[in-house]
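Peer 1: Residue numbers (mature numbering (1 follows the signal peptide of the UniProt record, and there is no 0)): -22 to -1, 1 to 917.
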């Protein structure tokens, strides 16, 4: 029983052990792990093996590799390496490149394996880890300090570099210096690792790396690029003896010495290196043998890699001759020059001659050469002209490229007689009996001097009579001649050392034909300069069919003497031109004369004043105040329209501003300025009008006025005018209005007068009878003629006013006892009087007109001299003593102021009584009515 139990236990153990042994045999764990390091390449090389059965079955396996540092505590790398096992890759190898220097620390490596099977999950079929294999660093030494990498290194631009600093025992690493940049340690330990990222290109000497407390000082890092593909590889020969090759680097090399890019040129067809790296950079030369075809390879190499380029060619197709030398030039005649030059090698060459004309035109001529010295004649040249020559050559057969140009040489052709005609024009100043002609000339485009012009000859002839030639020095292009009123033909010739040119003629008409004074057309509109350019003035004219062409003349500098007189000719069909001159200046007035040409004659059509660009006038008109009252403000101004103005004056702007308040003049343009006040603006577009009248400006105000002239654009109001500080501003004050005084006086006179008129109108009849009594119109009726001799007159008071008594003095004396009826102061002796009496029949009767023309004969000698005066009664009438006749005298019209001059004393008239109305008498009665008024008769 016990034996049975023991066998069962053993059988169970065997059954359990066999699957485990079978499972272990299917894992194939790694064995014989070996780890070595390559410090130059900073690599770890791993080698291991597995069981023979795995190789025989060529199983595919995965190996999990772990690399730890610092005593297998820090995992720095974990990778799966998959491979198919066979006897050709036994033992299994794998390399790992360390980012940190291998000398810096200890590294530990271990491996486990996995057989790839579809029936077994991956996580359950890994083998056991092998024992860790350690690779020790330099940190185990205590007596020295280290910096790794410890030697100079070359890296590519943009790389990341790891440095390891190891101090002596007890020392601490604090920083790493990479060039001029410091990298501080995060913690202070004896061993520190620093990583510099994205390193830039270094200088040719590299970048120095230092750790503190480290000796020797440090490491040099060279940062560069891999070499690029070489470019433009070319090989050529100049003498078929030496082959010269050149190329361009594919990339820029920033390093020098052993770390720079090296170029190696080799002949692949011969397996021969023709140029080694010590040759001059980017060039290589070697001798040509019997071989004519080459297959060259150019290699560019540095510490980071190498690049290649190839070139296959035939030497005969790569001939590049040497630059020709000893070029000489000699004249042949007036149209040809001979050239000579040399070449270094005797080859079949095609040479090219460049002939440069004075105007810059270039002509090329070809010539072949089979020797070292060649000559060539260049023909078809202009007389007495300076030419420049140079030569280059190339292979006549299998042309490859031209040589460099030789040194330039210049030469002159010989002189010949001038060809073509001169362009002749004139300026005429008419005189009283003659005219002054200034003659101008210049070469036409077809004119060629063909030599040095020595003089100009001028002939002028009248009616076939040719004058003696007048010579003008070659330095002049004008001369002045004086002609009489006849027409002349003037000829101008240019003369050099060989001969003279053909004459150029111009006809000057008789002075009578130039008597017409042409006015300059200065009428200008705003578009006068619209067709002008930056250096050109547009001129137009009305064409006329009988002219062959037109001529325009002007002065480039009209304000200078001489004025640089210019002219230009145009065809028959032209009616406008753009006159271009660099001398034209904005703001300067130019006068253009337009002439019609017919043969050699020219007639002035018109003159025009134009500007290249009109500018505004710089000066201000002179302002005058003519009238300044409350009813009228009148101003005038003066402005001189002289030649110095920078533009045509097209009008004036008048600005008016009230010192206080706003300007409200009627008829003006009112502008609101920034301070909200109003300014009056008048725009006068007639430049001839220089006056302005403003009605009703208003009393007791002060105004600021300015007048601005303008050419193209009316000027704006300036700040100086608004502030009242403008120099040209004129101030005017309107005096107070005195009309209120006149109105007050008028009121004081009119009111009482109206009151009086009203009162008088109410009592019109009484006032009329009082002020203007009705005066009867007297009529005279003769009633009796009495001879009163001698008779003493009665007193004047006894007479009635409707009787008139006329007395005629006789020659006999009066007695002293007799008295005159008019005065008590009459002299003692009075002459005898012949008295006539007339009776006033009626006043204003129908028969009154019958007596108006009655003429009474009263005396024989003379009529009385009467003086008209205001009305007086008949009682006051005094008559002279000697009356020839007597007419009726109205009581209103006949006063008497005294007596005759012959009396011995002046008599004062007696005082007149007050007027008493007279009673009218009817026409039927010849005597007055005694019942109404008593009439006394004097005896």
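Quick reminder that beta carbons are idealized off the backbone N, C-alpha and C, glycines included.
(1) State the DSSP-derived secondary structure class of residue 732, mapped to helix, strand or coil.
(2) Is the region 548 to 559 in contact with the region 609 to 623, if contact means three or more CB pairs nearer than 8 angstroms?
(3) Of all the alpha helix (DSSP H) runs that stay within the bounds of the region 503 to 533, which reach a length of 4 or more residues?
(4) For residue 341, which residues of its own chain have a beta-carbon under 6 angstroms away from its beta-carbon, when the five flanking residues on both sides are left out?
(5) Which same chain residues end up closer than 6 angstroms to residue 549 when comparing Cβ atoms and leaving out the 5 residues on each side of it in sequence?
(6) Roughly how many angstroms separate the alpha carbons of residue 74 and residue 160, rounded to a whole number?
(7) Would you call the region 370 to 384 and the region 444 to 462 touching, i.e. three or more CB-CB distances under 8 angstroms?
(8) Per DSSP, residue 354 is paired with what?
(9) Using three-state DSSP, classify residue 27 as helix, strand or coil.
(10) If residue 120 and residue 146 are in contact, beta carbons under 8 angstroms, what's the gap, nearest whole angstrom?
(11) Once the 5 residues before and after residue 186 are set aside, which same chain residues still bring their CB inside 7 angstroms of it?
(12) Please look up how many angstroms separate the CB atoms of residue 205 and residue 280, rounded, as I've assumed it's under 8 angstroms.
(13) Tell me whether residue 335 sits in a helix, a strand or coil according to DSSP, three-state version.
(14) Whole angstroms is fine: what's the gap from residue 37's alpha carbon to residue 111's?
(15) Tell me, to the nearest whole angstrom, how far the beta carbon of residue 103 is from that of residue 5; I am working on the premise that it is less than 8 angstroms.
(16) Looking only at its own chain, which residues have a Cβ that is under 8 angstroms from the Cβ of residue 209, when we skip the five neighbours before and after it?
(17) With distances taken from CA atoms, which of 282, 221, 238 and 685 is nearest residue 253?
(18) Any idea if residue 426 is buried or exposed, counting beta-carbon neighbours within 10 angstroms, 16 or more meaning buried?
(19) With DSSP run on the structure shown, which of helix, strand or coil describes residue 389?
(20) Which value, in whole angstroms, describes the spacing of the CA atoms of residue 575 and residue 406?
(21) With DSSP collapsed to three states, give me the class of residue 228.
(22) Express the C-alpha separation of residue 519 and residue 398 in angstroms, rounding to a whole number.
(23) Is it right to say residue 202 is buried, meaning 16 or more other beta carbons lie within 10 angstroms of its own, or is it exposed?
(24) Check each candidate in 9, 55, 90 and 143 and name the one with the smallest Cα separation from residue 68.
(25) Who are the near neighbours of residue 919 in its chain, counting only those whose CB is closer than 8 angstroms to its CB and skipping five residues on each side?
(26) What does the Cβ neighbour count give for residue 531, buried or exposed, with the cut at 16 atoms within 10 Å?
(27) From residue 174 to residue 322, what does the alpha carbon distance come to, in whole angstroms?
(28) Could you have a look at residue 633 and say whether DSSP puts it in helix, strand or coil?
(29) Please list the terminal residues of the continuous beta strand (DSSP E) segment that includes residue 287.
(30) Terminal residues of the continuous alpha helix (DSSP H) containing residue 699?
(31) Looking only at its chain, what residues have a beta carbon closer than 7 angstroms to the beta carbon of residue 291, apart from the 5 residues adjacent to it on each side?
(32) Do residue 364 and residue 383 have their CB atoms nearer than 9 angstroms?
(33) Under the assumption that residue 162 contacts residue 115 (Cβ atoms under 8 angstroms), give the Cβ distance between them as a whole number of angstroms.
(34) Which residue comes first and which comes last in the beta strand (DSSP E) that contains residue 645?
(35) Does DSSP put residue 330 in a helix, in a strand, or in coil?
(36) For residue 573, collect the residues of the same chain with a Cβ closer than 8 angstroms to its Cβ; drop the 5 residues on either side in sequence, then sort them by chain order.
Peer 2: The answer reads as follows:
(1) helix
(2) no
(3) none
(4) 333
(5) 527
(6) 30 angstroms
(7) no
(8) DSSP, once it has assigned bridges, lists 317 as partnering residue 354.
(9) Correct three-state label for residue 27: strand.
(10) 7 angstroms
(11) The answer, listed in chain order, is 157, 196 and 198.
(12) 5 angstroms
(13) coil
(14) 26 angstroms
(15) 7 angstroms
(16) 225, 226, 227, 228 and 287
(17) 221
(18) buried
(19) strand
(20) 15 angstroms
(21) coil
(22) 30 angstroms
(23) buried
(24) Among 9, 55, 90 and 143, the Cα nearest to that of residue 68 belongs to 9.
(25) Residue 919 lies beyond the residue range present for the chain, which begins at -22 and ends at 917; the question has no answer from this structure.
(26) buried
(27) 60 angstroms
(28) strand
(29) Taken as a continuous stretch (DSSP letters only), the beta strand (DSSP E) holding residue 287 covers 283 to 292.
(30) 697 to 701
(31) 213 and 272
(32) no
(33) About 23 angstroms; that fails the 8 angstroms criterion.
(34) Looking at the DSSP string, residue 645 is not in any beta strand (DSSP E), and its letter there is neither H nor E.
(35) strand
(36) Cβ within range, chain order: 528, 529, 530, 531, 580, 581, 582 and 583.
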